[in-house]
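Here the sequence shown is numbered in UniProt numbering, starting from 1 and rising by one per residue. Beneath this line is the structure, given in structure tokens, with notes to follow.
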Amino acid sequence: MFDLVMSMLAEGLGKAGVATEASMAGEFAIASREYAAAAGIFDFLSKDQLPKWISRGSKIDADQLPIECSLGIASALKILFQANGQQMAVATVLIKSGTPNYSLVAKLCFGIAEQLEAFVAAVREDSFKQMARMDKDFFTLITFQTQIHRSLSQYFHARSLWEQQGEYGTAIAILHDAMEAIQVRSSAAGKGIPDANSTRALIPLGADIKKLREHMKKLLRYWEKDNSSVYFERVPHHVPEEKKLQAGIQMKKMEKYKLADAEPLLLAFPEGTEGQMERSDSDLMKELQALEIEELEKELAGM
């Protein structure tokens with residue numbers, strides 16, 4: 001059981017690793033498939049193999065095992081890989097030529113943020129002990145990603161209201177909120193994102209965040225100028241609740257995993273082969289006896 005679980009664990013993490021490399025190379029469709037496969041493996045582990053292992057009992061100290069072997073972490077990783085896969089879907093939409101469906105992209109980004117929050121909640125609720133063994137920077141990265149996708153959902157929602165629905169004042173107010181969401185937070189519990197320049201895991205993202213802030217700031221200037229000279233819509237101080245996104249879209253893409261059927265071991269000789277096996281054994285005995293006689297003759301000749 002131990003070997004089987006470890007093999008499946010290695011396969012699942014390997015799929016996630018391939019997906020990450022593919023995403024960095026811009027191969028978002030491949031990355032999406034690999035994340036779906038990884039999610040399926042960890043779903044199978046959490047619902048099938050790990051419960052079986054637990055029910056049989058084990059003398060192995062859980063603290064000596066990889067944290068991915070715990071039921072709670074395996075279940076949570078399925079959620080994480082599904083969220084990562086949905087990021088690939090968003091990237092695929094955005095690299096296509098033409099204007100994307102801003103409303104759809106906004107809901108997809110919102111759904112990613114929801115899934116990332118669900119991942120953290122699942123770890124805290126079901127695997128608090130294993131959580132202490134994880135790198136703290138990892139959760140800082142998850143917090144960063146969650147807030148970024150909340151900001152992006154507001155940004156694309158604002159684009160939808162401005163360009164597709166003509167609600168200019170509300171769009172400006174929501175874009176303000178999107179910009180505020182990616183400002184550096186003043187404390188761990190404050191609003192905003194962790195400082196990319198002071199966190200090891202986030203340093204490579206610092207330049208991208210700077211460009212995103214500059215883009216939003218530039219877009220806001222254009223909108224405010226157009227609104228003050230063309231549309232003359234009132235910009236609310238607070239976005240009305242009915243104008244905010246209420247829920248996201250969660251694709252939850254996952255490739256169902258199934259163990260391959262093992263070939264049964266033969267417990268008896270196939271019919272009609274008994275005589276062949278006997279003759280083979282007889283021949284082997286003769287060869288061994290001949291070798292023994294040859295060795296004995298050599299010893300006698302040397303005396």
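C-beta atoms are modelled at their ideal positions from N, C-alpha and C, and glycine is treated no differently.
For this session: Count the CB pairs spanning the stretch 77-89 and the stretch 251-260 that are closer than 8 Å, and state whether there are at least three.
Result: Contact between the stretch 77-89 and the stretch 251-260 is present, because at least three Cβ pairs lie under 8 Å.
For this session: Write down the C-beta distance between F110 and Y35 rounded to the nearest angstrom, noting that I regard them as a contact closer than 8 Å.
Result: If you number the sequence shown from 1, residue 110 lands on position 110. If you number the sequence shown from 1, residue 35 lands on position 35. Wrong, their Cβ atoms sit about 19 Å apart, outside the cutoff.
For this session: Pick helix, strand or coil for V120, following the three-state DSSP scheme.
Result: Along the sequence shown, one-based indexing puts residue 120 at 120. The answer is helix: DSSP assigns V120 an H, G or I state.
Exercise. For the candidate residues L77, A118, S186 and Y168, whose alpha-carbon lies nearest to that of D226?
Worked result: Taking the first residue of the sequence shown as 1, we reach residue 226 at position 226. Each of L77, A118, S186 and Y168 was checked against the Cα of D226, and the nearest Cα belongs to Y168.
Problem set entry | Beta-carbon contacts of R150 that lie in its chain and below 8 Å, excluding the five residues immediately before and after | In the sequence shown, the residue the question calls residue 150 occupies position 150. Counting only Cβ-Cβ distances below 8 Å, and skipping sequence neighbours, we find C109, F110, A113 and A181.
Exercise. Going by beta carbon distance, what residues of the same chain come within less than 7 Å of V239, once the five residues before and after it are set aside?
Worked result: The residue you call residue 239 lines up with position 239 of the sequence shown. Correct list, in chain order: T170, A173, I174 and D177.
For this session: Starting from the C-beta of T146, find all residues in its chain whose C-beta is less than 7 Å away, skip the five residues before and the five after it, and write them out in chain order.
Result: In the sequence shown, the residue the question calls residue 146 occupies position 146. Cβ within range, chain order: A113, L116 and E117.
Exercise. According to DSSP, is V18 helix, strand or coil?
Worked result: On the sequence shown, residue 18 is found 18 positions in, with the first residue counted as 1. Correct three-state label for V18: helix.
Problem set entry | Contact check, Y102 vs F44, beta carbons under 8 Å | Here residue 102 is taken as the residue at index 102 of the sequence shown, counted from 1. Here residue 44 is taken as the residue at index 44 of the sequence shown, counted from 1. No; because the gap between Cβ atoms is not below 8 Å, this pair is not in contact.
Exercise. By Cβ distance, which residues of its chain are closer than 8 Å to Q154, with the 5 residues on each side in sequence left out?
Worked result: Translated into positions along the sequence shown, residue 154 becomes position 154. Short of 8 Å from the beta carbon of Q154, and not among the five residues preceding or following it, lie these beta carbons of its own chain, in chain order: A106, I174, L175, D177, A178, A181 and L245.
Exercise. What's the C-alpha gap between A135 and E224?
Worked result: Residue numbering aside, residue 135 sits at position 135 when the sequence shown is read from its first letter. Residue numbering aside, residue 224 sits at position 224 when the sequence shown is read from its first letter. For the sequence presented, residue 135 should be read as Asp rather than Ala. Rounded to the nearest angstrom, the two C-alpha atoms are 43 Å apart.
For this session: Kindly confirm or deny that the stretch 185-195 and the stretch 121-128 touch, where touching means at least three C-beta pairs closer than 8 Å.
Result: Contact fails: fewer than three Cβ-Cβ distances are below 8 Å.
For this session: Work out the CA separation of A260 and C69 for me, nearest whole Å.
Result: Taking the sequence shown and counting its residues from 1, the one referred to as residue 69 is at position 69. Taking the sequence shown and counting its residues from 1, the one referred to as residue 260 is at position 260. Going by the C-alpha atoms only, they are around 21 Å apart.
Exercise. Which residue comes first and which comes last in the alpha helix (DSSP H) that contains M179?
Worked result: Walking along the sequence shown from the start, residue 179 turns up at place 179. For M179, the enclosing alpha helix (DSSP H) has its first and last residue at Y168 to A181.
Exercise. Are there 16 or more other CB atoms within 10 angstroms of the CB of S55, so buried, or fewer, so exposed?
Worked result: Numbered from 1 along the sequence shown, position 55 holds the residue referred to as residue 55. For S55, the number of other beta carbons within 10 angstroms of its own is below 16, and it is reported as exposed.
Exercise. What is the DSSP secondary structure of I193, counted as helix, strand or coil?
Worked result: The sequence position of residue 193 within the sequence shown is 193, counting from 1. Strand.
Problem set entry | Where V239 sits in the DSSP three-state scheme | Locating residue 239 in the sequence shown gives position 239, where the first residue counts as 1. Look at V239 here: in three-state DSSP terms it is coil, with no helix or strand label.
For this session: Return the chain-ordered list of same chain residues with a C-beta closer than 7 Å to the C-beta of I79, the five sequence neighbours on each side being excluded.
Result: What you label residue 79 is simply residue 79 of the sequence shown in a count that begins at 1. Cβ neighbours of I79 beyond the five flanking positions: Q115, A118, F119 and A122.
Exercise. Can you tell which of E241, M216, I148 and V5 has its C-alpha closest to the C-alpha of K47?
Worked result: For the purposes of this step, residue 47 is taken as the residue at position 47 of the sequence shown. Put simply, of E241, M216, I148 and V5 the residue whose alpha carbon is nearest the alpha carbon of K47 is V5.
For this session: Quick one: using the 10 Å Cβ neighbour count with 16 as the cut-off for buried, is L291 buried or exposed?
Result: The residue labelled residue 291 in the question sits at position 291 within the sequence shown. Within 10 angstroms of the beta-carbon of L291 lie fewer than 16 other beta-carbons, which makes it exposed.
For this session: Would you list, in sequence order, the uninterrupted alpha helix (DSSP H) runs of no fewer than 4 residues that lie entirely inside the stretch 68-107?
Result: Entirely contained in the stretch 68-107, the alpha helix (DSSP H) runs reaching 4 residues are, in chain order, 71-95.
Exercise. Who are the near neighbours of residue 305 in its chain, counting only those whose CB is closer than 7 Å to its CB and skipping five residues on each side?
Worked result: Summary: the structure shown does not reach residue 305, with the chain confined to residues 1 through 303, and so no result is reported for it.
Exercise. When you compare only the Cα positions, how much space is there between F28 and E233?
Worked result: Taking the sequence shown and counting its residues from 1, one reaches residue 28 at position 28. Taking the sequence shown and counting its residues from 1, one reaches residue 233 at position 233. Spanning the alpha carbons of F28 and E233 requires a straight line of approximately 40 Å.
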